[in-house]
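Novice: Attaching a single structure in C-alpha cells format; questions to follow.
Residue numbers (our numbering), protein chains in the order written: chain A, 4 to 391; chain B, 43 to 556.
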C-alpha cells in the first residue's frame, strides 16, 4: 500500500530543481550585468563569483560562518511562513537577540552557551509583540514587526550607550561607538572553535554553522513530525478550519511568532559571539534580518532547504566581495534579488519542470512500449515469412 | 431531417489519467430546452467547456446549423451565438446592472459610451422576456436571483441563440427557481435554444423537452423527458435504482441533548442581530430540521452552537451542562460533531493530505501521537479504515491531496470524520450541498442510521425535499427568528414555503418558552 513515490514525482525535488533553475537564470543575468558595467572584467568577474568560495580554505570558512546567522534568520522567516505569518521583524529580533548575548557575554561575563540561550530569549521576547497584536487586536504582523524593528534598534542603541562596561573604550579602545571586543572582554563568551580554525586556517571559523544546521533539523522535525507542528501548519493553511477543529489559533499565532523571533535572536547571538564583529551603534537596521527573506524564499520555507540556500547565498556573497574594485560589491545583491524574483516564479517553473519530467517519463514509457510492440510484431511476422 | 442548431458529434476529451468525455454525441434542436444530466464528475462541465471553446477536444466535431465549426476560444463561441451562464456568476460587483450587461459589447460613438442606446435595448429585452431588473442598481446590492437575470440579459444583449445554463438553480431559493423555470420557458418560446445542466430531476422534468444523460464520461442516452419518469432518469444517471423517499422508522426521542434558551447572536456586520431570541431543543434519537431560505440566521445560529461565534445573550445547554462559553475543542470533546456549511472554508484544510484531514479533530488523541510526535503509521491506518468504510474515492488513498479530490468525496471525508467521532449530537449544515443523487442517498442513510443509534441530530437545510424526507420535526427560521414548528407528516411543501418566506407564522413559539 505504501509505495515510495519515484523522485520525479516528489514535490520537494521539483521545488529544488525550480530553485536551481532560478539560480542559473539569475547568474546569467548577473553575467550580462557584469558585461554592461565593465566588459573587460566580465569573464574574470563571473568566475570569481562562482569560484571564490572554494578557492581557499579561508574563503570556504567565511562561507560557512557567514551562512550560520543567515540560516537562522532564514529559518525564522521560513518557520513563520509555514504557519501563515510573514515575519519581516527578523532585524529587530536579531538585534535584541544580539543585545542579550552581548550583555551576558561582555557585561555579565557568562560563558557562550548561556549567551546564546540569552540571545534566543531576546529574540523570542521581541517576537511576542507582533504575535500578541495579531492575535488580540488582529493587527497585521507585518506592520507591527516593522515598527518593532525600529523600536528594537533604538532601544538597543540607547541601552548600550548607557552601559559603559559594554562599550569598547571600557577595554582600552579609542572609540565608544561600538561594543567591546569579546576576545578582550570575555573570551569564554566566544563560540568554541574546537579545531576548526586550524583546519580551515581561519581565525574566525567556529562551530556556529553546525549549531545552526542542528537547529534547522530540529525545526524540520517540529514542523513535520509533531502535534504542535500539525496545529501550526493547520493555522497557516486555513485558520477557519483550524478554529473549527478546536485548535487555539490565537495562542498558536503568538507561539509561532515567538519561535520565529527566537530563531532570529540566535542568529544575532551567533554573529556577535564569533569574535569577528563588534556591534556598532548606528541608526541602520542590520541587513541580516532582511536577508533571511530571500534565504527562506529560495528554499520554499523548507528548513532543510534553508541549510542549502543560506550556504548558497553566503557563497555568492563571498564571491561578490572578491569582485572589488572592478565592480561595486552591491552587484551581488542585485544578482541575489534577481534570483529571488525568478524563484518567486517557482510555481510556473515548478509546473514546467514537472511537465518536463513527466514528458520524459512518458517518452521512455512509449519507447519501451514501442520496443515491446516491435518485438511482438516481429514475432507475428516471423511465422508469415516462414510460410512464404 | 431534424432541425438541429448545435450538434456535438463523438466528442472525446482526455485529461491526464482520465477520459472526461468519451465519444459523446449531443444534438440540440432549435428552440428546445435540452437538459444535460449527470453525477458530479460525469463530464457535463467538460462537455460544455468544449462547446464554449475553453477546451479543445481530442476527437469529434461540432456543427452549427449543419456546418462544421472550430471553436477555439470563448470569443469564437460568442460570435457563433453561444452564450453561457456560469454556476458562479461572472459579474463586476461594484458596477451597475447596465454596465455589467454591456461590458465587452459597449455601444461607442467617437470614444464615448452611448449608455442611453444600450439602456433602451436592455429595457426592450427585459420586457420582452419578462426579466425584471433595475438597470442602475449595483450588483452587490441585488439578490442572487436578479444577478442571474443580469447574466441572462448579458447573453440576450449579445443576440445569442444558444444559451447554456450551468447548474443555474444551485444558488436560488425555491421561489426564484420557479421564476427561472418560467423565464427559461419564455426564452424557448421566443426561439432560443437552451442547454440546461443540472442534477436535479424535478427541474429537468419541469422544463426540459429532452434530456441527455452522461455517466462517467460516457453518453448513456437521450430521452424525451415527458416519457421518462424521475426514477428512470436517476437510474440512467447513477446506474442503479435510487430510493428517493428515504426509508425510516418512527423516531423514538429520548432525553434532551441540546437545549437552546433565548439565544441572541450578533451578525458579522455588528449592525443587526442575526439570531433573535431563539429557543428550541433536540432530543436523542430524533432529527430536528431548521428550514429556511439562505441568510436568515442559520449560519450564525450554528456558529454560536459550535463555539465559532460568540453569543450575545441566552444559553446553550448540552446534556444539561451549560456550554455557552466553552471553547470549540471542549465542545467537540463532549461529543458535538459539526458538518459545516462550507467544506472549503471550515471543513477541510485543502493543503493537507486526506489522512491528515481525517484526523483533524483527533490528531492529539493518544492513538495518534506519542510524546507530542504524530504517529503517521497510526494516522494512515485509521485513514485507510475510514476510506474503506465510507467509500471515499481519491487518486492515491490516504496520501492524496485533499485539494485534488472531487467535491462529493471531500464531503464524504468530512462526514466520515464527524460520524466516526461517535458524537452525541450531530449538527449537519447542508450536508448534501452540491452532491448528486447517489451520494445524497448515501449521506441521508448515514444520518438516519445515526439517529437510530440514538444520536441527536440538528439538520440545517435549504432543500425542501431534504427537509421533508429526513426530519422528524421542522423548525422554520425567518429573519433570525423561529416562526413555526411543523410536523413533516402533517404539513405540505407549500405551507413550509409560506413559513420560509415569512408570509405565515405561528405565534405560539415566538412568545418565549421560558
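In this text, a Cβ means the ideal position worked out from N, Cα and C, and glycines have one as well.
Between residue 168 of chain A and the rest of its own chain, which residues show a CB-CB distance below 6 Å, the 5 nearest in sequence each way excluded?
Specialist: Taken in chain order, the residues that qualify are 110.
Novice: Report yes or no: is there a C-beta of chain B within less than 7 Å of the C-beta of residue 228 of chain A?
Specialist: Chain B, which has a Cβ nearer than 7 Å to the Cβ of residue 228 of chain A, makes this yes.
Novice: Assign residue 83 of chain A to buried or exposed, taking buried as 16 or more other Cβ atoms, counted over all protein chains shown, within 10 Å of its Cβ.
Specialist: buried
Novice: DSSP has residue 253 of chain B in a bridge; who is on the other side?
Specialist: B/77, B/265
Novice: Rounded to whole angstroms, what's the CA-CA distance from residue 414 of chain B to residue 236 of chain A? Just pull it up for me.
Specialist: 15 Å
Novice: Would you please verify whether the beta carbon of residue 233 of chain A is less than 7 Å from any beta carbon of chain B?
Specialist: yes
Novice: With a threshold of 6 Å on Cβ separation, who are the neighbours of residue 103 of chain B within its own chain once the five nearest residues in sequence on each side are excluded?
Specialist: Closer than 6 Å at Cβ, skipping near neighbours: 51, 110.
Novice: Between which two residues does the beta strand (DSSP E) carrying residue 102 of chain B extend?
Specialist: 101-106
Novice: So with Cβ pairs under 7 Å, would you call residue 248 of chain A a contact of chain B?
Specialist: yes
Novice: When DSSP labels each residue in this structure, what does residue 142 of chain A get in the three-state scheme?
Specialist: Coil.
Novice: Mind listing the chain B neighbours of residue 286 of chain A? Cutoff is C-beta to C-beta under 8 Å, in chain order.
Specialist: The premise fails here: residue 286 of chain A is roughly 41 Å from chain B at the closest Cβ pair, so nothing lies under 8 Å.
Novice: With respect to the alpha helix (DSSP H) encompassing residue 507 of chain B, which residues constitute its N-terminal and C-terminal limits?
Specialist: 506-512
Novice: Under a CB-based cut-off of 7 Å, is residue 178 of chain B close to chain A?
Specialist: No, no contact with chain A.
Novice: By a C-beta neighbour count over all protein chains shown, 10 Å radius and 16 as the cutoff for buried, is residue 312 of chain A buried or exposed?
Specialist: Residue 312 of chain A is buried by the Cβ-count criterion.
Novice: Express the C-alpha separation of residue 464 of chain B and residue 526 of chain B in angstroms, rounding to a whole number.
Specialist: 31 Å
Novice: Pick out whichever of B/135, B/255, B/166 has its Cα sitting closest to the Cα of residue 183 of chain B.
Specialist: Of B/135, B/255, B/166, the residue nearest in Cα terms is B/135.
Novice: Anything in chain A within Cβ reach of residue 389 of chain B, meaning under 8 Å, just list it in chain order.
Specialist: 244, 247
Novice: So which residues on chain B does residue 237 of chain A lean against when the C-beta distance must stay under 8 Å?
Specialist: At a beta-carbon threshold of 8 Å, the residues of chain B lying near residue 237 of chain A are 391, 394, 402, ordered along the chain.
Novice: Kindly indicate if chain A contains any beta-carbon less than 7 Å away from that of residue 406 of chain B.
Specialist: yes
Novice: Smallest Cα separation from residue 76 of chain A: which of A/306, A/199, A/351?
Specialist: The shortest C-alpha to C-alpha distance from residue 76 of chain A to any of A/306, A/199, A/351 is the one to A/306.
Novice: Of all the alpha helix (DSSP H) runs that stay within the bounds of the stretch 395-426 of chain B, which reach a length of 4 or more residues?
Specialist: The stretch 395-426 of chain B contains these whole alpha helix (DSSP H) runs: 396-400.
Novice: At a cut of 8 Å, does the stretch 246-263 of chain A reach the stretch 130-150 of chain A through at least three beta carbon pairs?
Specialist: yes
Novice: In whole angstroms, give me the CA-to-CA distance for residue 176 of chain B and residue 315 of chain B.
Specialist: When the Cα atoms are used, residue 176 of chain B and residue 315 of chain B turn out to be separated by approximately 29 Å.
Novice: What is the DSSP secondary structure of residue 186 of chain A, reduced to helix, strand or coil?
Specialist: helix
Novice: On the three-state DSSP scale, how would you describe residue 354 of chain B?
Specialist: coil
Novice: Mind pulling the chain B residues with CB within less than 9 Å of residue 241 of chain A?
Specialist: 386, 387, 388, 390, 391, 392, 393, 394
Novice: Give the secondary structure of residue 284 of chain A by DSSP, where H, G and I count as helix, E and B as strand, and everything else as coil.
Specialist: Residue 284 of chain A falls in the coil class under three-state DSSP.
Novice: Do residue 209 of chain A and residue 107 of chain A count as a contact pair if the criterion is CB distance below 7 Å?
Specialist: no
Novice: Can you pull the chain A neighbours of residue 414 of chain B, defined as C-beta to C-beta under 7 Å?
Specialist: 229, 230, 231
Novice: Would you please verify whether the beta carbon of residue 370 of chain B is less than 7 Å from any beta carbon of chain A?
Specialist: yes
Novice: Between which two residues does the alpha helix (DSSP H) holding residue 84 of chain A run?
Specialist: 60-85
Novice: For the alpha helix (DSSP H) holding residue 202 of chain B, just list the boundary residues, first then last.
Specialist: Taken as a continuous stretch (DSSP letters only), residue 202 of chain B belongs to no alpha helix (DSSP H), as it is neither H nor E.
Novice: Do residue 455 of chain B and residue 440 of chain B have their C-beta atoms closer together than 7 Å?
Specialist: No, the Cβ-Cβ distance between residue 455 of chain B and residue 440 of chain B is not below 7 Å.
Novice: Please decide whether residue 411 of chain B counts as near chain A, where near means a Cβ-Cβ distance under 7 Å.
Specialist: yes
Novice: Against chain A, which members of the stretch 341-353 of chain B pass a CB distance test of less than 9 Å?
Specialist: 348, 349, 350
Novice: Return the first residue and the last residue of the beta strand (DSSP E) that residue 50 of chain B is part of.
Specialist: Here the beta strand (DSSP E) through residue 50 of chain B covers 46-57.
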